[in-house]
Amino acid sequence: WFTILDLKDAFFCLPLHQASQKIFAFEWENPRTGCKVQLTWSVLPQGFKNSPTIFGEQLARNLESWETLSGEGQLLQYVDDLLIATKTQETCVEWTVSLLNFLGLQGYRVSRKKAQMVRQTVVYLDYEVSAGQRTLGQDRKEAICQTPKPQTVKELRTFLGITGWCRLWIYIYGLLVKPLYALVGEGNRDLQWTKEATRAFDQLKKALMSAPALGLPDVSKPFFLF
């Protein structure tokens, strides 16, 4: 059983030390009066490149003091997304209630809209997770498959970056995208679509839509490295 908790306005839950606030000062102009004033962030700001790392580390430190209840389970954290996985429904309920209370006492707020509580199938980081397997989320697959044929090198690189995230689900991904990478090779500023590249682009979309569910590794069995 699983529970997903997404923290609401996560960065704003961490106050900035007064000595650091001046680093994030900015000027704001009143649209009605035209007067300009200088303001500064008093909480961890959005848009600062180190905010996700700082927040993730602080939340991890806080979670170290959370005392899990009885029952077999695990808590996973990715920045502000939390996943509880337990063997039984009863344990999942107990852990969920306990974690919600703990987060509230620590000053965090949980998004009620995004919460997925005590379910056997959940969506975590765009992956659909259930007992023993994970699949690509339907929203991610549809977003990729609705992408029109890129017209610039930048657009194609973006597309390849997105599909590369899903490469585990695509058989012989490296061979499939080889014609597409040839289009963005050195010296190719403008895209010159070939029949081979167009075919690879279409096959890649079809492969994503039929992507299978991947089973989790069985650690009791031997692993072979090649």
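Following our numbering, the residues of the sequence shown are numbered contiguously, the last one being 226.
Where is the CB? At the ideal position from N, CA and C, for every residue including glycine.
Note that the structure is predicted; figures quoted are calculated from it, not measured.
Measuring alpha carbon to alpha carbon, tell me which residue in the options is nearest residue i.
i: Leu216; options: Lys178, Lys195, Leu191, Leu168; result: Leu168
i: Gln116; options: Thr135, Ala85, Tyr171, Gln106; result: Ala85
i: Gln138; options: Gln146, Ala131, Gly132; result: Gln146
i: Gly243; options: Ser70, Trp66, Leu180; result: One cannot answer for residue 243 here, as it falls past the ends of the chain, which runs 1 to 226.
i: Leu5; options: Asn101, Leu14, Thr53; result: Asn101
i: Gln77; options: Val177, Phe223, Cys166, Ala60; result: Ala60
i: Asp9; options: Lys206, Ser98, Asp202, Asp80; result: Asp80
i: Asp126; options: Leu175, Ala143, Arg157; result: Ala143
i: Leu175; options: Lys195, Trp193, Ile23, Leu204; result: Leu204
i: Tyr124; options: Gln106, Leu75, Lys87, Gln151; result: Leu75
How many angstroms separate the CA atom of residue i from the CA atom of residue j?
i: Leu83; j: Leu44; result: 23 Å
i: Lys141; j: Gly164; result: 13 Å
i: Leu7; j: Gly73; result: 21 Å
i: Asn50; j: Lys149; result: 34 Å
i: Ile172; j: Ser98; result: 44 Å
i: Thr91; j: Ala197; result: 51 Å
i: Trp95; j: His17; result: 32 Å
i: Trp28; j: Leu156; result: 38 Å
i: Thr53; j: Cys13; result: 14 Å
What distance in whole Å lies between the Cβ atoms of residue j and residue i, which are believed to be in contact at a cut-off of 8 Å?
i: Ala25; j: Thr40; result: 4 Å
i: Arg134; j: Ala213; result: 7 Å
i: Ala211; j: Leu136; result: 5 Å
i: Trp1; j: Gln89; result: 5 Å
i: Leu180; j: Ala207; result: Contact doesn't hold; Cβ gap of about 13 Å is too wide.
With DSSP as the reference, identify every bridge partner of residue i, one or two as the case may be.
i: Pro179; result: Looking at the DSSP assignment, Pro179 forms no beta bridge with any residue, so it has no partner.
i: Pro15; result: Val43
i: Val122; result: Val129
i: Gly73; result: Thr86
i: Trp95; result: According to DSSP, Trp95 bridges with nothing at all.
i: Gln38; result: Glu27
i: Gln116; result: Ile4
Measuring only from the beta carbon, is residue i closer than 8 Å to any heavy atom that is part of the ligand NAP?
i: Leu183; result: Among the ligands in the structure shown, none appear at all, so the ligand NAP cannot be discussed.
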